[in-house]
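Note that numbering that gives the first Met the number 0 numbers the sequence shown so that position 30 is 29, with each residue one more than the last. Note that CB positions come from ideal geometry on N, CA and C, so glycine has one too. Small disclaimer: the values here were computed from a predicted structure and weren't measured.
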Amino acid sequence: MRIIYNNISLGDLQHLPETDNAAKEVLKAMFHHRYPDIRNSGYPVAQILRFARDIRQGDVVIIPSSGASHVAIGIIDGNMYEENTPIIDDEHHCDFKKRRHIKWRYFGRRATLPPALQLMFTSRHILSDVSNYASYIDSVIHDCYVKEDVMNLVLKIRTQKEVSLDDFCDLKAVSLLIDDFCQNYNISSEAPLNMKVQMESPGWLRLSTKGIGKLLLFGLFTTILTGGGVKFNKKDGLDIYTNGIGGIINDYLDRKADRELVRAAARAMDSLQIKTPEDMQPIIEILNAKNEGRRNY
């Protein structure tokens, strides 16, 4: 991420007064001297200060391509720095010196973003605050996260086909399996799951709750149903594999769960082509490590 006006250096910005109003006045005078052909310095000065002072490490940034047909979303990964070497590779170079490192999380066609996010691109400013779209942005770059004491699980639905009501309703089988699982193993599951859907095939379904335990189970069940635990084959029926996440959930699905519910849940995952929640993997690794430790003990 970078910003223009190279005649204003990083050192200049670091030596401005601390208060914003005083900094603007000093920077305006500097700007008039170094860019005498630009009459209205207020706008570029404000944008430069925002780039230098308002953006923080950990902030999410959205950068559209030329023409805004594609979009990249990333997370600021460091303080502002100055780059004096414009060469990026053999075919590309960038003359903008003031930059910030970004850890990229998403790149794709703008048309695939949730409809609510399309409104972001009406702004013509160099920098625009899009905090009002935070919940939608979070659901694009994360599939399992906690924000303001609420856990969110985003199921990415990848099918390009029309979604039948039966396939969509079969997702309820996952929740019924979890309720039965909790009852079998005396786990509290009282917290309700709230749902928000953006469905255009492909789309996403976001589940959220303050009862982290139940949603964590939903994520684990989804991971098994879409990856290493259960696979549904319309021709051969249901196969259960034990080479994915080990432990009690696989055992429950193999021995105790209602077979029709498992089939319905697996069929929904298969038909909707729900992507395995990648952000669940660190949690799964911790659980597998603990399970391995028990066996070693």
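Cβ distance (whole Å) where residue i is taken to contact residue j below 8 angstroms
i      : j      : result
ASN297 : LYS97  : Residue 297 falls outside the range modelled here, since the chain spans only 0 to 296, and no answer is possible.
SER174 : LEU192 : 7 angstroms
ASP137 : GLU277 : About 14 angstroms separates the two Cβ atoms, so there is no contact after all.
PRO63  : ARG109 : 7 angstroms
GLN153 : TRP103 : Note that residue 153 is Val in the sequence shown here, rather than Gln. Not quite, the Cβ-Cβ distance comes to about 18 angstroms (not below 8 angstroms), so this is no contact.
ILE177 : LEU216 : 5 angstroms
MET279 : THR222 : 5 angstroms
VAL139 : ILE72  : 6 angstroms
LEU219 : ALA265 : In fact, because the Cβ distance is near 15 angstroms, the residues do not count as touching under 8 angstroms.
VAL25  : PRO16  : 6 angstroms
GLN272 : THR158 : 4 angstroms
LEU126 : ARG49  : 5 angstroms
TYR4   : ILE47  : 6 angstroms
GLU81  : SER187 : About 54 angstroms separates the two Cβ atoms, so there is no contact after all.
ASN183 : LYS255 : 6 angstroms
Where residue i sits in the DSSP three-state scheme
i      : result
ASN151 : strand
LEU81  : Note that residue 81 corresponds to Glu in the displayed sequence, not to Leu. In the structure shown, GLU81 sits in a strand (DSSP, three-state: E or B).
ASN131 : helix
ALA67  : coil
TYR144 : strand
LYS274 : coil
ARG109 : helix
ILE62  : strand
VAL162 : coil
ILE186 : coil
ILE125 : coil
LYS102 : strand
ILE136 : helix
LYS171 : helix
ILE156 : strand
ILE3   : coil
ILE177 : helix
ILE74  : strand
Delimiting residues of the beta strand (DSSP E) encompassing residue i
i      : result
LEU204 : 202 to 208
Close beta carbons around residue i, own chain, < 7 angstroms, minus the five adjacent residues each side
i      : result
ASP11  : MET29
GLY77  : GLN56, ARG99 and HIS100
ILE54  : ILE75 and ARG99
HIS14  : none
LYS195 : ARG205
ALA115 : TYR132 and TYR135
Range covered by the alpha helix (DSSP H) that runs through residue i
i      : result
GLN13  : 9 to 13
PRO43  : 41 to 48
MET29  : 19 to 33
ARG52  : From DSSP, ARG52 is part of no alpha helix (DSSP H); its letter is neither H nor E.
GLY218 : 211 to 225
LEU252 : 247 to 254
Proximal residues to residue i (C-beta, below 8 angstroms), its chain only, five neighbours per side dropped
i      : result
VAL149 : SER207, THR208 and LYS209
GLU147 : none
VAL44  : LYS23, LEU26, LYS27 and PHE30
ALA166 : Before going further, note that residue 166 is Asp rather than Ala in the sequence given. Excluding positions up to five away in sequence, the list reads ARG266, ALA267, SER270 and LEU271.
6 angstroms Cβ shell around residue i - same chain, five flanking residues per side excluded
i      : result
ARG33  : ASN6
PHE180 : TYR251
LYS155 : TRP203 and LYS274
ALA133 : none
VAL129 : MET119
TYR105 : ILE72, VAL139 and ILE140
Residue i at chain C interface by Cβ criterion, 7 angstroms
i      : result
ASN183 : Absence of chain C from the displayed structure is noted, only one protein chain being present.
Check: Does the pairing of the segment 168 to 184 with the segment 114 to 121 give three or more beta-carbon distances under 8 angstroms?
Finding: no
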